[in-house]
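Chemist:
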Amino acid sequence: MQVVWHTRREFLKGAAAGSASFLVSTLDFGLSPSPRAAEINRPGEWSGGPGQAFHRIDGLAKVTGQKIFARDFRPVDMPDWPGKYHHALVLHAPFVDRIFEGLDLDQLPEELRPSVVITAADLARDNIGIDQENYPAGDYLAPSGKPPSYLGQALAILLYDELAAYHGAKKQILSNGTVIRTGQRAPLPEPSYYKPETSIVHGISHSGGESFAQTIRGTVHPSQPGAENEKALEIVNLISKKLKSNELDVYQHSYETPISDPMFMEPESGLAWFDRSAKTLRMLIGTQSPGHDIEAARALFAPKACPIEIDDVHLYAAYPGGGFGGRDRSILCLFLALAAAYSDRPIQIARDRFEQFQSGIKRHSSKIELTLGVDSDDLIDIIRNHTVLYCGGRRNVSTYVAEMAGAMGTGVYRASYADVWSRAQQTTAQVVGSVRGFGSFSAGFAVESMIDEIALARRLDPLEFRKKNLLQPGHSIITAAPRTPPGLDEICERALHHPLWQNRVKDQRRLSTQHERYGVGAAVVMKNFGSGGDSVMSQVRIGPDGRITVTTNNVDMGQGSATVHALAPGKALGRNADHIVTGQTEVFHALKLVGSTKMQPDNPRWTPTVWNSTKATAGVGRWMHATEEAADVLFKAAIVPAARAIWGAAADKISASDVYWSEGRLSAPNFQPIPFSVIAAELYEKKLATSAMVHAFFSGRWIEADYTIDEFTDRWKIDALAIQRGHSPTYELIDRKNPALFTAESMLEPNGQSLAAAGAIVAVKVDRKTGAVRLVEGVHLLAPGSIVQRDLLDGQMEGGWAFGVGLTLLEELPAGANGVADGTWNLDRYHVALSGDCAIHDVEKILIPADASDPSPRGIAELVIVPVPPAISNAVTHAIGHRFRSLPITSDKVKAVWS
Amino acid sequence: MAAIALNLTINDERFSRDSIDGDMRLNDFLCEEVNLTGTKFCCGIAVCRVCTVAVAQAPGADLQPIRTCTMPLSKINGAIITTVEGLSKSGQLHPLQAAFLKHFSFQCGYSAPGFLMAAYCLLDRLRRSPIPNSAVDAAIENAVGKHVCRCSGYVRYHRAIREVVLATPGLTTADR
Numbered sequence: 008m009q010v011v012w013h014t015r016r017e018f019l020k021g022a023a024a025g026s027a028s029f030l031v032s033t034l035d036f037g038l039s040p041s042p043r044a045a046e047i048n049r050p051g052e053w054s055g056g057p058g059q060a061f062h063r064i065d066g067l068a069k070v071t072g073q074k075i076f077a078r079d080f081r082p083v084d085m086p087d088w089p090g091k092y093h094h095a096l097v098l099h100a101p102f103v104d105r106i107f108e109g110l111d112l113d114q115l116p117e118e119l120r121p122s123v124v125i126t127a128a129d130l131a132r133d134n135i136g137i138d139q140e141n142y143p144a145g146d147y148l149a150p151s152g153k154p155p156s157y158l159g160q161a162l163a164i165l166l167y168d169e170l171a172a173y174h175g176a177k178k179q180i181l182s183n184g185t186v187i188r189t190g191q192r193a194p195l196p197e198p199s200y201y202k203p204e205t206s207i208v209h210g211i212s213h214s215g216g217e218s219f220a221q222t223i224r225g226t227v228h229p230s231q232p233g234a235e236n237e238k239a240l241e242i243v244n245l246i247s248k249k250l251k252s253n254e255l256d257v258y259q260h261s262y263e264t265p266i267s268d269p270m271f272m273e274p275e276s277g278l279a280w281f282d283r284s285a286k287t288l289r290m291l292i293g294t295q296s297p298g299h300d301i302e303a304a305r306a307l308f309a310p311k312a313c314p315i316e317i318d319d320v321h322l323y324a325a326y327p328g329g330g331f332g333g334r335d336r337s338i339l340c341l342f343l344a345l346a347a348a349y350s351d352r353p354i355q356i357a358r359d360r361f362e363q364f365q366s367g368i369k370r371h372s373s374k375i376e377l378t379l380g381v382d383s384d385d386l387i388d389i390i391r392n393h394t395v396l397y398c399g400g401r402r403n404v405s406t407y408v409a410e411m412a413g414a415m416g417t418g419v420y421r422a423s424y425a426d427v428w429s430r431a432q433q434t435t436a437q438v439v440g441s442v443r444g445f446g447s448f449s450a451g452f453a454v455e456s457m458i459d460e461i462a463l464a465r466r467l468d469p470l471e472f473r474k475k476n477l478l479q480p481g482h483s484i485i486t487a488a489p490r491t492p493p494g495l496d497e498i499c500e501r502a503l504h505h506p507l508w509q510n511r512v513k514d515q516r517r518l519s520t521q522h523e524r525y526g527v528g529a530a531v532v533m534k535n536f537g538s539g540g541d542s543v544m545s546q547v548r549i550g551p552d553g554r555i556t557v558t559t560n561n562v563d564m565g566q567g568s569a570t571v572h573a574l575a576p577g578k579a580l581g582r583n584a585d586h587i588v589t590g591q592t593e594v595f596h597a598l599k600l601v602g603s604t605k606m607q608p609d610n611p612r613w614t615p616t617v618w619n620s621t622k623a624t625a626g627v628g629r630w631m632h633a634t635e636e637a638a639d640v641l642f643k644a645a646i647v648p649a650a651r652a653i654w655g656a657a658a659d660k661i662s663a664s665d666v667y668w669s670e671g672r673l674s675a676p677n678f679q680p681i682p683f684s685v686i687a688a689e690l691y692e693k694k695l696a697t698s699a700m701v702h703a704f705f706s707g708r709w710i711e712a713d714y715t716i717d718e719f720t721d722r723w724k725i726d727a728l729a730i731q732r733g734h735s736p737t738y739e740l741i742d743r744k745n746p747a748l749f750t751a752e753s754m755l756e757p758n759g760q761s762l763a764a765a766g767a768i769v770a771v772k773v774d775r776k777t778g779a780v781r782l783v784e785g786v787h788l789l790a791p792g793s794i795v796q797r798d799l800l801d802g803q804m805e806g807g808w809a810f811g812v813g814l815t816l817l818e819e820l821p822a823g824a825n826g827v828a829d830g831t832w833n834l835d836r837y838h839v840a841l842s843g844d845c846a847i848h849d850v851e852k853i854l855i856p857a858d859a860s861d862p863s864p865r866g867i868a869e870l871v872i873v874p875v876p877p878a879i880s881n882a883v884t885h886a887i888g889h890r891f892r893s894l895p896i897t898s899d900k901v902k903a904v905w906s
Numbered sequence: 459m460a461a462i463a464l465n466l467t468i469n470d471e472r473f474s475r476d477s478i479d480g481d482m483r484l485n486d487f488l489c490e491e492v493n494l495t496g497t498k499f500c501c502g503i504a505v506c507r508v509c510t511v512a513v514a515q516a517p518g519a520d521l522q523p524i525r526t527c528t529m530p531l532s533k534i535n536g537a538i539i540t541t542v543e544g545l546s547k548s549g550q551l552h553p554l555q556a557a558f559l560k561h562f563s564f565q566c567g568y569s570a571p572g573f574l575m576a577a578y579c580l581l582d583r584l585r586r587s588p589i590p591n592s593a594v595d596a597a598i599e600n601a602v603g604k605h606v607c608r609c610s611g612y613v614r615y616h617r618a619i620r621e622v623v624l625a626t627p628g629l630t631t632a633d634r
């Protein structure tokens, strides 16, 4: 998404050039939303000097109500699209226990009948394909004659010419339960598990080293044959034996977290148009996974027997109105593509909130069985964690979420032995996905509740108990990867000595009344950021006027990545970007990458994976690196040579290390500073590199290689590079030399995960009469590494705090057929945190300074919610003496146990 | 469906229709009929308040925050409406807009127009009935406390509104 103040002509020019970028113009875009908005056209005001922002780069558009979200656009706003369009109504299954027998649209009054009906029979007839990689299992529309596979599965797409008919039909179909015809009852499928399951066995050998762990000899599966598995099974059996002996105090409890809705504010929407003359499918969507969406849309029409000929798919990436994982591989993109393919005009899908609750991606519910063995010195000897995540009717990313729930299954503690088993169970519930917290949310709640519980049982200060068992700097986590996050020990220490914690007993006496009890709880957690195998792409381009444009496939769903990318060139180029284009994938085809988990060492285009979906945690920690490297390429390989040319023969020996930026000018001792615009002109004059496009891959470290441009060679932490010279539209591929690559196996060795640490202390008051839990004060602790923009970081912490409050106390969603799938759920029943719930004026932030040995910025946008639920739950226990092992802790639940 | 003749003033412009469905929601009219999509749609049942606009029944009358997602045109005919697109004047951001930017109040930004318009109504109310400085936080909570934002945690919305309230002459009085 480019947030610039282009004219419509510029927009059209970009589109005609085949750019798949989405240029948002505030001027004359469509029907001229507001003449006054056009006057507020102040590019660059956001920028606060190199590496700093006065406000978000996308802020002005958002604060003046300009078109920026997918829901804002109509076909008339799109360049060269026909103005007339269909309103597409996707019907979803509210049942799975009966046969679906098709639709009886004759029940609708004639004026409410659709122009076009798309069903599974149409898809079968036309041999519509299945994207096995991204959207497996097919049946994108449930076929009649059998029960739907899962609640919320799409049944049909109805296309309406008029908005009024669309609204009327939706209302009638919802109120008249017989338009969707059902037949005989059908048995529910037997529970099964998506593969692979996650099993991590960890044990200390006689020599004191790790004997088994995920990263030593690969993943182990104690239940399966094989020498390593048998050794792992020995550890598992030893753990069982020790737990049955009298040598340890054994604690065993079960914890549950519920299904929940990401509840991003903009219900999913999008536009699509199948331009038959160009055999091109164009889609506008707010998505976290533009690359996956394009591939999936292509796959629909790829089979040779499919009569719908689509040569190309263009995706216009709008800013998502919130994401939280709910727009990561959402199936909405497929419905847009299918509806457009069967329509003679553009189509719009604009879900309302009822539909979003009924069919949108949800968070996994979970059950965690924890068993801990603690020795007489209060040291944790054994952690056994058996987790089941309930994963809905399509696999989606569930096995990865289960993997992370396992990796975080022993919390921030060291133990001599661990047996973690995490499984993703297929259910008939809605599709679940990579919702904020990604496995760590459930593991964090369970482990941090359990630790509190054990400490209280042993009459220990819960934070002292944590401190005693905490992973220390340099320690390996359960997978044997040396990834203990910087600042973890300091977070625990700071929390332990914080007055809110130290005074909790005294304050409880002081602040509790007959009607209200005061309590304080704490939690310390860690979470991975990135995915363990992160692919990032960025292009930095310097225009002839010196304006800098950054293009990336990263998406800004509110976490601030657009601004971060715009700040990233500041370090190398002495100024921030002027334009930022997010959600781009197609332009990066210029790198001609081949993605494969099988290593191709002699192929300079090979990379383990070409792209990832946007994760909020991967912005500063991962994606920003690509932009910084691209800017550095331009600086060293083009700007410095340009400066030498301008300065003349006396500057022949000047290198990158001799020059510096001062007030936007490139300076060197004894030479006249050169304005950036002059350097830019020189780049074009001399046909030096004016754009650098890079791909980088991280798994514990970045792939790095040597690259040579115009006889200048340097080593960058990227695995692919292409440049453009001057005005040339052609990309020149620069082959990497001497690369330090990964194999699929070697990616496991250091374990590619990076982790960050956080903590929380929460003070609550619990009302005896109503059961309501009210936050009164809090402390949010975080070790963020280097801080790119403090305002963005603080905003993530504040938002994460509120998100955690909602998940802990308010958000309750029945999962079955009588629950959210019935199409009647909305915000009157599903309550998210409001300002009054979050003690917004009374939450202190404590940031641990960056660790000198690893000052890199940490991805924290998901992490910051994780300590909040257990801290609140532990505070409630402190207040009323009852332990809740299942979320949410609603007032009804409190009333039921404490009155 | 009952057709009505519609006259609305939106952001100082007159919009009239000889015949339009009086049951049409104001949100649909703004987004579909006059392409003012700055007013957002979220819950559609008047709970989350992202769709709030400022409405006066007559020139100079009190500004009321109105939730457009459930407001039928028939009930608002003749009103004077300000949407987020109409907040800025003469190329200058409204102080609330500037403060929202300065304080990084929003993240995804989808809720921002609703917060802006509710706060705009609060300023109008305080202009007519100033309050003590010590009552400002409560007044802000009263004005925007039921607005849903999933990203921001609310802190920076409140901070920005507070700054504008305290910096605008005549809205508050010294505490006694």
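Protein sequence lines, in the order shown, are assigned to chains A and B.
So the first sequence is residues 8 to 906, counted in the working numbering.
So the second sequence is residues 459 to 634, counted in the working numbering.
Using N, Cα and C, we set each Cβ at its ideal position, and we do this for glycine too.
Only a predicted model underlies this, so the values are computations on that prediction, with no experimental measurement involved.
(1) Could you give the DSSP three-state label for Asp426/A: helix, strand or coil?
(2) Identify, in the order they occur along the chain, each residue of the same chain with its Cβ nearer than 7 Å to the Cβ of Ala23/A, setting aside the five sequence neighbours on each side.
(3) The alpha helix (DSSP H) with Trp654/A in it runs from where to where?
(4) Given that Glu490/B touches chain A, what residues does it touch there, using C-beta distances under 7 Å?
(5) What does Thr614/B reach in chain A if we use C-beta pairs closer than 9 Å?
(6) Would DSSP call Phe678/A helix, strand or coil?
(7) Going by alpha carbons, who is nearest to Glu593/A out of Gly333/A, Ala357/A, Val381/A and Pro297/A?
(8) Just to confirm my understanding: we take Phe281/A, look at its own chain, exclude 5 residues before and 5 after, and list those with CB closer than 6 Å. What are they?
(9) Here's the rule: buried if 16 or more other CB atoms are within 10 angstroms of the residue's CB, otherwise exposed. What is Glu718/A?
(10) Kindly indicate if chain A contains any beta-carbon less than 9 Å away from that of Glu621/B.
(11) Would Leu598/A pass as a contact of Ala729/A if the rule is Cβ separation under 9 Å?
(12) Given that Pro571/B touches chain A, what residues does it touch there, using C-beta distances under 7 Å?
(13) Grab me the residues of Ala577/B's own chain with a C-beta within less than 7 Å of its C-beta, minus the 5 sequence neighbours each way, in chain order.
(14) If you run the structure through DSSP and keep just helix, strand and coil, what is Leu800/A?
(15) Classify Thr497/B as buried or exposed, calling it buried when 16 or more other Cβ atoms lie within 10 Å of its own Cβ.
(16) Who are the neighbours of Arg78/A on chain B, taking C-beta pairs under 9 Å?
(17) Under 8 Å Cβ to Cβ from Arg629/A, same chain only, skipping five residues before and after it: list those, please.
(18) Go to Thr189/A, then tell me how far its beta strand (DSSP E) extends in each direction, as first and last residue.
(19) Can you list the residues of chain A that Ile609/B reaches, using a CB-CB cut of under 7 Å?
(20) To the nearest angstrom, how far is it from the Cα of Arg651/A to the Cα of Ser662/A?
(21) Enumerate in chain order the residues of its own chain whose CB-to-CB distance from Ala44/A is below 8 Å, with the five nearest sequence positions on each side excluded.
(22) Alpha carbon to alpha carbon, what distance is there between Ala623/A and Ile125/A?
(23) Start and end of the alpha helix (DSSP H) containing Thr570/A?
(24) Run down chain A in chain order and give the residues with a C-beta less than 8 Å from the C-beta of Lys560/B.
(25) Quick one, which of Asp300/A, Pro101/A and Ala344/A has its alpha-carbon nearest Ala95/A's?
(26) Could you confirm whether any beta carbon from chain B is found closer than 9 Å to the beta carbon of Phe448/A?
(27) Are there 16 or more other CB atoms within 10 angstroms of the CB of Tyr714/A, so buried, or fewer, so exposed?
(28) Distance, Cα to Cα, Leu115/A vs Thr559/A?
(29) Within the continuous beta strand (DSSP E) that includes Arg525/B, where are the two ends?
(30) Please check if any C-beta of chain A sits within less than 9 Å of the C-beta of Asp476/B.
(31) By the 8 Å beta-carbon criterion, what residues does the region 779-797 of chain A contribute toward chain B?
(32) Less than 9 Å between the C-beta atoms of Leu278/A and Ala77/A, yes or no?
Modeler: With the given structure in hand:
(1) Annotated three-state conformation of Asp426/A is strand, per DSSP.
(2) A caution first: Ala23/A carries a pLDDT of 29, below 50, which makes its placement in the model too unreliable to give a value.
(3) Here the alpha helix (DSSP H) through Trp654/A covers Val647 to Trp654.
(4) The contact set of Glu490/B on chain A, defined by CB atoms closer than 7 Å, consists of Leu170 in chain order.
(5) Note on residue identity: the sequence assigns Arg, not Thr, to residue 614/B. Within chain A, the residues near Arg614/B are Asp798, Asp801, Gly802 and Glu805.
(6) Per DSSP, reduced to three states, the secondary structure at Phe678/A is strand.
(7) Closest by alpha carbon: Pro297/A.
(8) The residues are Leu288, Ala347 and Ala348.
(9) Glu718/A is exposed by the Cβ-count criterion.
(10) No, no contact with chain A.
(11) Between Leu598/A and Ala729/A, the gap from beta carbon to beta carbon is short of 9 Å.
(12) Within 7 Å Cβ-Cβ: Gly72.
(13) By the criterion of a C-beta distance shorter than 7 Å, Ala577/B is surrounded in its chain by Leu554, Ala601, Val602 and Ile619, once the five residues flanking it on both sides are discounted.
(14) If DSSP states are grouped into helix, strand and coil, Leu800/A belongs with the helices.
(15) Thr497/B comes out buried.
(16) The CB of Arg78/A comes closer than 9 Å to the CB of Cys489, Thr495, Lys498, Phe499 and Tyr568 in chain B, given here in chain order.
(17) Contacts found: Phe536, Gly537, Asp541, Val543, Phe705 and Gly866.
(18) Here the beta strand (DSSP E) through Thr189/A covers Ile187 to Arg192.
(19) The amino acid occupying residue 609/B in the given sequence is Cys; Ile does not appear at that position. Contact annotation for Cys609/B against chain A: Gly329, Gly565 and Gly806 [CB-CB distance below 7 Å, chain order].
(20) Here the C-alpha atom of Arg651/A lies approximately 9 Å from the C-alpha atom of Ser662/A.
(21) Because Ala44/A sits at a pLDDT of 39, beneath the cut-off of 50, its placement in the model cannot be relied upon, and the point is left open.
(22) Ile125/A and Ala623/A: Cα-Cα distance of roughly 35 Å.
(23) Segment Ser568 to Leu574, the alpha helix (DSSP H) holding Thr570/A.
(24) Going along chain A in sequence order, the residues near Lys560/B (Cβ under 8 Å) are Phe61 and His62.
(25) Taking Ala95/A as reference, the option from Asp300/A, Pro101/A and Ala344/A with the minimal CA-CA separation is Ala344/A.
(26) No, its Cβ sits nowhere closer than 9 Å to a Cβ of chain B.
(27) By the neighbour-count definition (other C-beta atoms within 10 Å, threshold 16), Tyr714/A is a buried residue.
(28) Leu115/A and Thr559/A have their C-alpha atoms spaced approximately 47 Å apart.
(29) Annotation for Arg525/B: the continuous beta strand (DSSP E) segment containing it runs Gln522 to Arg525.
(30) Not an interface residue.
(31) The residues in question: there are none.
(32) Closer than 9 Å, so yes.
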